[in-house]
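Here the structure is laid out as structure tokens; the discussion comes afterwards.
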Amino acid sequence: MKIITAGLAALLLSTAASFAAEAWKEADVGGTKIYTDAKGMTLYTYDKDSKGKSNCYDKCAANWPPLKAAASAKADDEWSVVKRTDGTKMWAYDGKPVYTFVKDKKAGDMSGDGVAGVWHIVKAD
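When the letters of the sequence shown are read in order and numbered with mature numbering (1 follows the signal peptide of the UniProt record, and there is no 0), they come out as residues -20 to -1, 1 to 105.
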């Protein structure tokens, strides 16, 4: 019974880690290492957010969709989960919520970097 329980626990942990890993990935775009969503779309942070809190809603979120996290999502190294005011969850990198940009049309586009001086690519360390 202990072997089955330990095996089940290991399976659940690896499954949870794989869900987190599928939400984002590291990419090399023109020599710059960045994080993207699972589809390869560039991820951004917003200077008006605070650590662990999103301030991008309504029109902002329509243009900068949050990187959604499943209700069961758990933190993974530098990645954490932020609860939005509408009750949904999103991913954060080093505590900063992350977003995609609607004007990025294909994987590797980085047209949101520097928009209004407050949007920045999430660079991989």
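Ideal Cβ positions, reconstructed from N, Cα and C, are used throughout, including at glycine.
What does the alpha-carbon distance come out to for the pair residue i and residue j?
| i | j | result |
| --- | --- | --- |
| Lys31 | Thr25 | 11 Å |
| Trp4 | Gly75 | 15 Å |
| Phe81 | Asn43 | 6 Å |
| Val9 | Glu2 | 19 Å |
| Val62 | Pro77 | 7 Å |
| Val102 | Asp66 | 24 Å |
| Ala41 | Met70 | 12 Å |
| Leu(-9) | Gly20 | Bear in mind that the predicted position of Leu(-9) carries a pLDDT of just 40, short of 50, making it unreliable; the figure below should be weighed with that in mind. Those two C-alpha atoms are separated by around 26 Å. |
| Gly94 | Asp27 | 10 Å |
| Leu47 | Ser60 | 12 Å |
Check for me: the alpha helix (DSSP H) holding residue i runs from which residue to which?
| i | result |
| --- | --- |
| Ala41 | 39 to 43 |
Specify the secondary structure class of residue i as computed by DSSP and reduced to three states.
| i | result |
| --- | --- |
| Val62 | strand |
| Val9 | strand |
| Ala50 | coil |
| Ile(-17) | Because Ile(-17) sits at a pLDDT of 47, beneath the cut-off of 50, its placement in the model cannot be relied upon, and the point is left open. |
Starting from residue i, trace the beta strand (DSSP E) both ways and give me its first and last residue.
| i | result |
| --- | --- |
| Thr25 | 24 to 26 |
| Met70 | 69 to 73 |
Just checking my contact of residue i with residue j at CB under 8 Å: how many whole Å lie between their CB atoms?
| i | j | result |
| --- | --- | --- |
| Asp29 | Leu23 | About 13 Å; that fails the 8 Å criterion. |
| Tyr15 | Ala104 | 6 Å |
Q) Would you call the stretch 86 to 102 and the stretch 52 to 59 touching, i.e. three or more CB-CB distances under 8 Å? A) no
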